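Everything below concerns the one structure shown next.
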Amino acid sequence: MRLFDTLAQQTKTIDFPDGVVKMYVCGITPYDTSHMGHARVGIVYDTLRRYLEWCGLQVRYVQNITDIDDPLFERARRDKVDWRVLGEQQTVRYLQSLAKVNVEQPHFYIKATSQITQMLPVITELIERGHAYVVDGAVYYSVASKPDFGTIFHQDYATMLTTANERGNDANDPHKRDPLDFVLWQHSQPDEPAWPSPWGPGRPGWHIECSTIATSYLGPQVDIHGGGTDLIFPHHACEIAQAEPITGVVPFVRAWMHVGMVYLDGEKMSKSLGNMAFVDDVLKSYSGAALRLATLKQPYHDPYEYREADIQAAEQQAMALRDALAVLSEATGEQTALDGTAYRNRFVQTLDDNFDTPGAIMILDELAAAIVETAHAGRNVQAAQHLLHELAGVLGLTF
Ligand SMILES: [Zn+2]
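Here it is, written out as structure tokens:
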């Protein structure tokens, strides 16, 4: 398969010689309702997993849940609920919303709070190896200790710092040697959970959760690591910086595959801006298949401007696929049967070419049109209908 790798900034061929695909995708911080941006990430990697499994590969798909983080605590405070209850409720709601668009759960769905004891020895080792330092009960990663820090972002230091600051970095923390240094272990506020550690009670930083969970469940090298493009920096740069010195395996990830942001009215859809289309609201008017189809009609790596008209159009398209599956032809003879081999081959070639789901959907449309035309001509379409059903299923489309 060929995939665009964010680190290499080019499309490269990735093979899976032992038939196993180790896949890690950064999951949600469960504090609010799922919007189309969450749905897009869920749908893209779910479809990739379905495709790889259909190709005969054994996928080991791991996702984390950041059930301890500042936004979650802030919301719990605002709503006067226990952070555990909020996290649990929102995780369940997220899974229910995604199930409606036929997203299966990853094989391993791991809460950050369940992995604290695994993170402590990693942080200890980073200190011992000179990649981290302790100040007053907190531990910071020293970006100067890894000269290639931030390579995945392909930007200069000033841009890295500006971007990190926009995404929660505290550049003014007087304990830091470099404003880009990031927290591995931090003090907890009085109403936040705290775990014992060699440096005093506290809680882990966000970045150490993902590299620890990824290496614990997948080993020192991940084949495909996913997440939204907003995670490239600093989050994924930090993951690389934490993982490689510990495992000694470079690169930590063979292909970094990022999903573009979803926009609404020209602005990135986000909880902080409040411009969101919620999955459950969209599904009040449209089918899960339409939502999934509209999502997969966008190249996964591009930004995607959400428009209701696109979901409407996808609903029509889903109906056309359904009609092609239902059309009856009385012909049974093999000689007059519609041969789907070329469609199947093109479907595989298209998805192998940087996971081109819009191209794959066009092939489904062509096959559906051929089925209807062939059936009307009185020829046998049964095998072609089975194929359409199978290929639609690979994209997670069930009718
Ligand atoms: Zn992550």
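For the sequence shown, our numbering assigns the number 363 to the initial residue and increments by one for each residue that follows. Where a beta carbon is used, it is the ideal one built from N, C-alpha and C, also for glycine. Only a predicted model underlies this, so the values are computations on that prediction, with no experimental measurement involved.
Beta-carbon contacts of residue i that lie in its chain and below 7 Å, excluding the five residues immediately before and after
i: R402; result: V621, V624, T657 and Y666
i: A438; result: D444, W445 and L448
i: L410; result: F717
i: S559; result: L482 and W547
i: I430; result: A474, T475, P555 and R565
i: K630; result: M623
i: R654; result: I405, V463, N464, G758 and L759
i: T609; result: T577 and P582
i: E466; result: D408
i: Q371; result: H516
i: A745; result: A699 and G702
i: V756; result: R412, Y413 and W416
i: L580; result: K384, Y386, R422 and V424
i: D498; result: H537
i: D714; result: M363 and R364
i: I570; result: M481, V484, I485, L546 and Q604
i: D367; result: K374, A617 and W618
i: S507; result: G492 and H493
Assigned exposure category for residue i - 16 Cβ within 10 Å defines buried
i: R491; result: exposed
i: E528; result: exposed
i: A461; result: exposed
i: R539; result: exposed
i: R422; result: buried
i: S647; result: exposed
i: L635; result: exposed
i: K442; result: exposed
i: T521; result: exposed
i: H738; result: exposed
i: V484; result: buried
i: R616; result: buried
i: G399; result: buried
i: V454; result: exposed
i: Q747; result: buried
i: Q604; result: buried
i: P536; result: exposed
i: L690; result: exposed
i: V584; result: buried
i: G589; result: buried
i: Q477; result: buried
i: Y668; result: buried
i: A731; result: exposed
Contacting residues, own chain, Cβ-Cβ under 8 Å from residue i (five flanking each side not counted)
i: P720; result: L658, K659, Q660 and P661
i: T627; result: One detail in the question is off: residue 627 reads as Asp in this sequence, not Thr. Hits under 8 Å: N637.
i: G381; result: G418, L419 and Q420
i: R706; result: L749 and L753
i: R708; result: I725
i: C572; result: Y386, C388, N426, H597 and E601
i: I489; result: Y495, V496 and V501
i: L434; result: T391, P392, Y393, T428, W445, L448 and G449
i: R684; result: F761
i: E696; result: N742
Beta-carbon separation (whole angstroms), residue i vs residue j, contact threshold 8 Å
i: Q452; j: D408; result: Going by Cβ atoms, the distance from Q452 to D408 rounds to 19 Å, so no, they are not a contact pair.
i: G512; j: F614; result: Actually they do not touch by this definition, with Cβ atoms about 14 Å apart.
i: F515; j: N531; result: Their Cβ separation, rounded to whole angstroms, is 13 Å, which puts F515 and N531 out of contact at 8 Å.
i: A680; j: F761; result: 7 Å
i: Y456; j: P392; result: 6 Å
DSSP bridge partner residues for residue i (one or two, in chain order)
i: M619; result: G588
i: W547; result: V501 and P566
i: W416; result: BP columns for W416 are empty, so no partner.
i: Y365; result: The question names Tyr, yet the displayed sequence has Leu at residue 365. The partner list for L365 (beta bridge, DSSP) reads K374.
i: Y386; result: V424 and H587
i: K473; result: I427
i: D715; result: R364
i: V496; result: V501
i: W557; result: G564
i: H397; result: F640
Close Cβ partners of residue i (< 6 Å) along its chain, the five nearest in sequence each way excluded
i: P563; result: A556
i: K633; result: D394
i: A693; result: G740, R741 and N742
i: V505; result: F511, D540, L542 and D543
i: D664; result: G622
i: F640; result: T395 and H397
i: P607; result: R491 and H493
CB contact check: residue i to chain C, cutoff 8 Å
i: A500; result: Absent here is chain C; the protein component of the structure consists of one chain.
Go through the segment 667 to 698 residue by residue and report every complete run of the alpha helix (DSSP H) that reaches 4 residues or more, in order. 670 to 688
Of all the beta strand (DSSP E) runs that stay within the bounds of the segment 618 to 666, which reach a length of 3 or more residues? 624 to 626
Could you give the uninterrupted runs of the alpha helix (DSSP H) lying entirely in the segment 696 to 760, keeping only those of 4 residues or more? 703 to 714, 719 to 738 and 744 to 756
In chain order, each alpha helix (DSSP H) run of at least 4 residues that lies wholly inside the segment 445 to 472: 445 to 462
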